[in-house]
Amino acid sequence: MAAQQAAKMAQQELVHSLQQQLQASSDASAVTQQAMWELQDKEKALQQQLASLREAVQAVSSERAASPPFLETGFKCDFGSNISFGRREDVGVLQGDLIQQLRERVLELEGERSQVLDLHDQVSLELSQRLQRLAEVERTAAAMRAALAGQSVVMLTAQESDSHIQELQQQVEDYMSIDKTEAETQTTPSKEASAVDAGHVLGQLQHMLGLIQQLDGGEALAAQISELQLSARGALLQQEAQEAEQRAAELSTRVAEAEALREQLAGLRAEAEAAGGQLVAARAEAEALQSRVAEAQQSLALRERELASSQVERDLAVGHVEGRLRDREVEVEGLTAQLARAEAELSELRRSSASAASDGSAEQTALRAEAEAARQEAQ
558 MAAQQAAKMA QQELVHSLQQ QLQASSDASA VTQQAMWELQ DKEKALQQQL
608 ASLREAVQAV SSERAASPPF LETGFKCDFG SNISFGRRED VGVLQGDLIQ
658 QLRERVLELE GERSQVLDLH DQVSLELSQR LQRLAEVERT AAAMRAALAG
708 QSVVMLTAQE SDSHIQELQQ QVEDYMSIDK TEAETQTTPS KEASAVDAGH
758 VLGQLQHMLG LIQQLDGGEA LAAQISELQL SARGALLQQE AQEAEQRAAE
808 LSTRVAEAEA LREQLAGLRA EAEAAGGQLV AARAEAEALQ SRVAEAQQSL
858 ALRERELASS QVERDLAVGH VEGRLRDREV EVEGLTAQLA RAEAELSELR
908 RSSASAASDG SAEQTALRAE AEAARQEAQ
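Each residue of the sequence shown is one higher than the one before, starting from 558 at the first, in the numbering used here.
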């Protein structure tokens, strides 16, 4: 997201700078157009001056064509040689004035020519500056294209991040499904296993109890056999009184053994009750584990819904960013079209300035030729 915001800011800055440069180029084109209009006005003024100069040359030539008969009539008059000579001096003064006027006009035309050349130099300088600005605009457009390419790369990284998020979501779903299957496979078998373990424990306890009873019975039987042997021997050796005492002792021992067996049975019962308590505790732990598994499943379901909602928000944000990028691409295309039109206008201005310069130089050479011809004719 930070990379997308940085790309957006860079794109906005590039668009703003490009708009400013386009505005500057349009202002420069307006200034160039104004200079071209001034140059056209200067050319019109020069044409008018050339027309007036031609009229003056034609008037001088007509006066020169009309002056010889006047001089001849003046020489043939009876007013005298002084009057004819004065007329010659007047004609010479008039010719000198015309030549002086022609020289002044030529100097004025030279000044106008220098002004036109200066204006042409200014226009060429402005055109070179506009070309430099256009080069800067082209570089800016190239930078903007590179930024758009970076934005497309940013779009590709965003898509990769979305695919990575989808992979993570798939892994979470797989983990959830695995946890669910494990929970489902572990909940019921845990009960069965606990029941089997409890039955196995009870079976072992019963087996141990039987072994203990068998061992106790064997020991009692051996004691009885030994006591019977002893009593038989005592009966044989001592008399029936001893047999009675032996029987009383046997009964007392049997009572003691019965009490011992009762105590053992009480201990076994206590152990069985403890095992039952442990079984109940194991069942409680199993139920607690089941509740924890259910809570974990609920939390995983909530997490899954949150991930789905965040994915939808990301998709909406990506769609919005793509729409804005398409709008920016349309704006960039419009700006490139404006740049193309500006370049076409500048090329047209170059051609017009070149044609104006060529026309001005041709007219200046023609003016020089006409001025030189007029000077020669005046001389």
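Glycine included, each C-beta is placed from N, C-alpha and C at the ideal position.
Just so we're clear, the structure is a prediction, and the values are computed from it rather than from any experiment.
If we ignore side chains and look at the alpha-carbon of each, how far apart do T742 and A823 end up? With a pLDDT of 47 at T742, under the threshold of 50, the modelled position of that residue is not reliable, and the figure given next carries that caveat. So the two alpha carbons sit approximately 39 Å from each other.
Would A899 be called buried (16 or more neighbouring beta carbons within 10 Å of its own) or exposed? buried
May I have the straight-line CA-CA distance separating Q847 from R819, to the nearest angstrom? 41 Å
Suppose you measure from the CA of V887 to the CA of R881; what does that come to, to the nearest Å? 10 Å
Taking all protein chains shown into account, do 16 or more other C-beta atoms lie within 10 angstroms of the C-beta of R908, making it buried, or fewer, making it exposed? By the 10 Å Cβ count, R908 comes out exposed.
Whole angstroms are fine: how far does the CA of H877 sit from the CA of A858? 28 Å
Quick one: Cα of G833 to Cα of A843, how far? 15 Å
Pick out whichever of S910, Q835, A838 has its Cα sitting closest to the Cα of W594. S910
Beta-carbon within less than 6 Å of E927's beta-carbon, same chain only, minus the 5 sequence neighbours each way: which residues are those? none
Residue burial classification, V889 (beta-carbon count within 10 angstroms, cutoff 16): buried
If you draw a straight line from the alpha carbon of E852 to that of A845, how long is it in whole angstroms? 10 Å
Using only the alpha-carbon positions, how far apart do G891 and E879 sit? 18 Å
Using alpha carbons as the reference points, say which of Q605, L664, Q591, D598 lies closest to E929. Ranking the options by Cα distance to E929, first place goes to L664.
When the Cα atoms are used, what is the spatial distance from R849 to L873? 36 Å
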